[in-house]
Amino acid sequence: MATTVYEDIREAILAGGLAPGRSLSENALAAQFGTSRTPVREALHRLEAEMLVERAGRSFRVRATSPEEILDIYEVRITLEGAAARGAAERSTELDRARLRVAADDMRAATGDPRERARLNRVFHEAIWAASHNPTLIDLLHRLNVHLVRYPTTTLEVPERWVAVLDEHERLLEAIDAGDTDRAKTLAEAHIVSAREVRLWMMTRS
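Here the sequence shown is numbered in UniProt numbering, starting from 1 and rising by one per residue.
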């Protein structure tokens with residue numbers, strides 16, 4: 001039961017139902033999710049370890065992610081995404097590459113809704129991570145990405161960035177298809193560097 005409650009609370013945080021700064025009452029959460037306080041308490045401790053909640057006196061609250069932390073996450077992602085792309089170019093299967101192609105095609109067919117674009121972008125990147133067949137790397141990237149998902153804006157709100165992303169993804173996919181490990185790594189790193197630059201530009205204007 002604790003795992004289910006943990007997943008429910010975690011999803012509520014990621015989806016914005018439990019907003020940053022919100023106080024988390026064990027009693028209220030237990031009532032909301034139809035359980036007792038014990039599994040809620042266990043779930044909150046797990047979420048604290050993931051840095052999704054933090055202690056506020058004797059209780060917890062949803063942790064906010066600062067602009068500085070977001071930029072730090074991009075810095076780490078540059079290295080990890082490069083490693084994932086290199087691994088995908090080296091170890092991806094035919095099925096992995098087919099999934100990547102579907103993800104890229106879905107992005108090209110996307111509407112103008114920034115949130116939907118961001119979701120499809122995550123699907124593409126997660127397909128690269130999976131194609132690396134490196135469980136430790138995949139786990140680290142998922143843990144980092146959780147904090148980007150929660151941030152109230154996406155770089156894909158910038159129209160020019162969306163066009164650039166489609167092109168960058170296409171070239172990255174070609175490198176993975178060709179098994180060109182060095183090029184895949186270089187392109188993936190440059191892709192995240194560009195995203196970080198756009199994020200920084202957005203922050204200076206908010």
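Positions of the beta carbon are idealized from the N, C-alpha and C atoms, including for glycine.
Suppose the cutoff is 6 Å on Cβ atoms and the five residues either side in sequence are ignored; what does the same chain contact list for residue i look like?
| i | result |
| --- | --- |
| G87 | S132, N134 |
| V123 | A103 |
Give the straight-line distance between the Cα atoms of residue i and residue j, rounded to the nearest whole angstrom.
| i | j | result |
| --- | --- | --- |
| A89 | N121 | 19 Å |
| I9 | L29 | 8 Å |
| E48 | L166 | 36 Å |
| V102 | I128 | 12 Å |
| E94 | T38 | 46 Å |
| D180 | W201 | 32 Å |
On the premise that residue j lies in contact with residue i, defined as a C-beta separation below 8 Å, what is that separation, rounded to the nearest angstrom?
| i | j | result |
| --- | --- | --- |
| R108 | L156 | That pair is no contact at about 13 Å. |
| Y74 | R161 | Not confirmed; about 14 Å, so no contact. |
| R22 | R61 | 6 Å |
| R150 | L14 | 6 Å |
| K185 | A64 | About 33 Å; that fails the 8 Å criterion. |
Excluding the 5 residues flanking residue i on each side, which residues of the same chain have their C-beta closer than 8 Å to its C-beta?
| i | result |
| --- | --- |
| D177 | R97 |
So, residue i versus residue j, is the Cβ gap smaller than 8 Å?
| i | j | result |
| --- | --- | --- |
| L80 | R196 | no |
| F33 | V53 | no |
| R77 | I192 | yes |
| V146 | E69 | no |
| E189 | G82 | yes |
Counting only beta-carbon separations shorter than 8 Å, does residue i have a partner in chain C?
| i | result |
| --- | --- |
| L80 | Looking for chain C here will not work: only one protein chain is present. |
With hydrogens ignored, establish whether the beta-carbon of residue i is closer than 7 Å to any heavy atom of the ligand GTP.
| i | result |
| --- | --- |
| L52 | Of ligands this structure carries none, so the ligand GTP is not represented either. |
Requested in this report: Return the chain-ordered ranges of every beta strand (DSSP E) run that is complete within the region 1-75 and spans a minimum of 3 residues.
Outcome: 53-56, 59-62
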